[in-house]
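Note that this note's numbering has the sequence shown beginning at 2, numbered continuously upward.
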Amino acid sequence: REKERGSHISYMFRLPFAAGSVFSASMLDTLLYQAFVKDYVITFVRLLLGIDQAPGSGFLTS
Numbered sequence: 002r003e004k005e006r007g008s009h010i011s012y013m014f015r016l017p018f019a020a021g022s023v024f025s026a027s028m029l030d031t032l033l034y035q036a037f038v039k040d041y042v043i044t045f046v047r048l049l050l051g052i053d054q055a056p057g058s059g060f061l062t063s
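If you want it as structure tokens, here you go:
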């Protein structure tokens, strides 16, 4: 149905994309632009990836 409207988002409904295994080049382009314009985006992405730790966030140990 989305293709009939001329939409290009059909790839978002495929399993590898929905599972987070892949990303599109346009997403990377948008992320790079936002990181250039907004300083906090780099810190935010590092927190999401688990590279950095926010002060007071604590540690999870097993």
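Just so you know, even glycine gets a beta-carbon here, dropped at the ideal spot from N, CA and C.
In the DSSP assignment, ARG47 falls within the alpha helix (DSSP H) that extends over 41-50.
LEU29 and ALA55 have their C-alpha atoms some 24 Å from each other. If you draw a straight line from the Cα of ARG15 to the Cα of LEU50, it comes to about 23 Å. For ASP53, no alpha helix (DSSP H) segment is defined, and its DSSP state is neither H nor E.
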